[in-house]
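Please read the structure below before turning to the comments.
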Amino acid sequence: MSSDQALVADYLSAIDGFEPSDVTQVVGALQFYEVQLAKWQKIKNLVSRETLSEIWSRHFLDCLQLIPMIPSDSKVILDMGSGGGFPAIPLAIALKKRKIVVHMVESNGRKGSFLRQIVRELELNAIVHTERAESLKSPEIGHIDVFTARAFASLDDICGYIYPLWQQNSVGLFQKGRGYKKEIEESLQNWRYTYSTVESKTLEDAAIVELRDLAQK
């Protein structure tokens with residue numbers, strides 16, 4: 005196990021509910037995912053080339069830091085603009101034991117094919133929707149407990165995409181970069197919501213924006 009893989013394993017071990025056997029299974033599944041990302045990268049550009057060598061510390065750990073923020077009674081997660089599978093695939097791998105279903109929305113057909121292969125090979129509780137975020141209909145999914153998005157769109161646009169699907173007690177967990185404070189300020193011109201931010205464990209000046217009580221102004 006590399007030092008970066010050990011870092012992820014240590015992080016998971018510190019989360020309530022993760023037994024040593026669970027951590028071993030998650031790390032093994034992530035290793036398979038890593039191999040497939042590298043294999044498909046040549047034809048689908050799934051991950052930035054500059055960060056592919058830092059996949060465990062830059063991407064996997066970044067995604068897994070959402071786990072403690074997911075309510076314990078959650079059953080459905082919807083990830084918008086899943087791309088190569090971040091944060092959806094690492095979450096689906098780590099939360100498989102909890103039987104949480106992860107829905108991935110990705111309009112690019114080739115990336116959707118990649119995601120479906122990973123879901124199939126790892127037997128994940130996940131469904132891929134190859135369509136645009138604004139076209140997705142709530143009846144296809146049911147009650148959505150948690151919305152996620154990483155490197156997808158501005159917070160203002162994300163609010164517009166998820167609002168038709170938003171339901172009472174839904175929670176948004178959005179991973180944003182250095183400009184997240186400005187994004188919050190701009191989105192509050194069009195939307196009402198309560199929010200809190202948690203500093204990213206992997207990226208300097210980045211944060212996870214936890215959003216609740218979304219409503220139009």
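Going letter by letter, the sequence shown gives residues 5 to 221 in this note's numbering. Built from N, CA and C at the ideal position, the CB exists for glycine as well. All values derive from a computational prediction rather than experimental measurement.
By a C-beta neighbour count over all protein chains shown, 10 Å radius and 16 as the cutoff for buried, is residue i buried or exposed?
i, result
"A18", "exposed"
"M5", "exposed"
"K205", "exposed"
"S139", "exposed"
"S174", "buried"
"G85", "buried"
"Q232", "Missing from the structure shown is residue 232; the chain here goes from 5 to 221 and no further."
"R223", "With the chain running from 5 to 221 in the structure shown, residue 223 is simply not present."
"Q260", "This structure cannot speak to residue 260, because the chain is shown only from 5 to 221."
"D20", "exposed"
"W136", "Before going on, a small fix: residue 136 reads as Arg here, not Trp. Label assigned to R136: exposed."
"Y167", "exposed"
"R182", "exposed"
"A130", "buried"
"D209", "exposed"
"K115", "buried"
"D77", "exposed"
Thinking C-alpha only, which one of the options is nearest residue i?
i, options, result
"E23", "R102, Q40, S78", "R102"
"K79", "L169, Q220, G146", "G146"
"E190", "L177, Y167, D160", "D160"
"Y37", "L95, L11, S25, T152", "L95"
"L11", "Q40, L68, N194, G21", "L68"
"T28", "Y15, H107, P91", "Y15"
"Q258", "G116, Q193, S200", "No answer is possible for residue 258: the residues shown for the chain start at 5 and end at 221."
"D66", "S76, I93, A42, K43", "I93"
"V132", "L169, G88, D77, W195", "G88"
"I97", "F118, G164, G32, Q9", "G32"
"W195", "S61, G116, G164, D26", "G164"
"I59", "D26, I104, S7", "S7"
"I74", "K115, D83, R120, D149", "D149"
"S117", "F156, W44, S76, R154", "W44"
"K186", "S61, L119, Q171, A211", "A211"
"L119", "S61, Y199, D83", "D83"
"L207", "I104, S61, G113", "S61"
DSSP has residue i in a bridge; who is on the other side?
i, result
"Y199", "L215"
"F151", "L82, G176"
"I131", "H107"
"Q220", "W195"
Quick one: measure Cβ to Cβ for residue i and residue j, integer angstroms, because I've assumed they're closer than 8 Å.
i, j, result
"L70", "L177", "5 Å"
"I81", "V106", "5 Å"
"P72", "T152", "Going by Cβ atoms, the distance from P72 to T152 rounds to 14 Å, so no, they are not a contact pair."
"F64", "L99", "Their Cβ separation, rounded to whole angstroms, is 14 Å, which puts F64 and L99 out of contact at 8 Å."
"S111", "T134", "7 Å"
"Y197", "L169", "That belief does not hold up - the Cβ atoms of Y197 and L169 are roughly 15 Å apart, past 8 Å."
Runs of 3 residues minimum, wholly inside the stretch 45-123: which ones carry the beta strand (DSSP E) assignment?
80-84, 105-109
Considering only residues of the stretch 7-31, which uninterrupted alpha helix (DSSP H) runs meet the minimum length of 4 residues and lie entirely inside it, listed in chain order?
7-17
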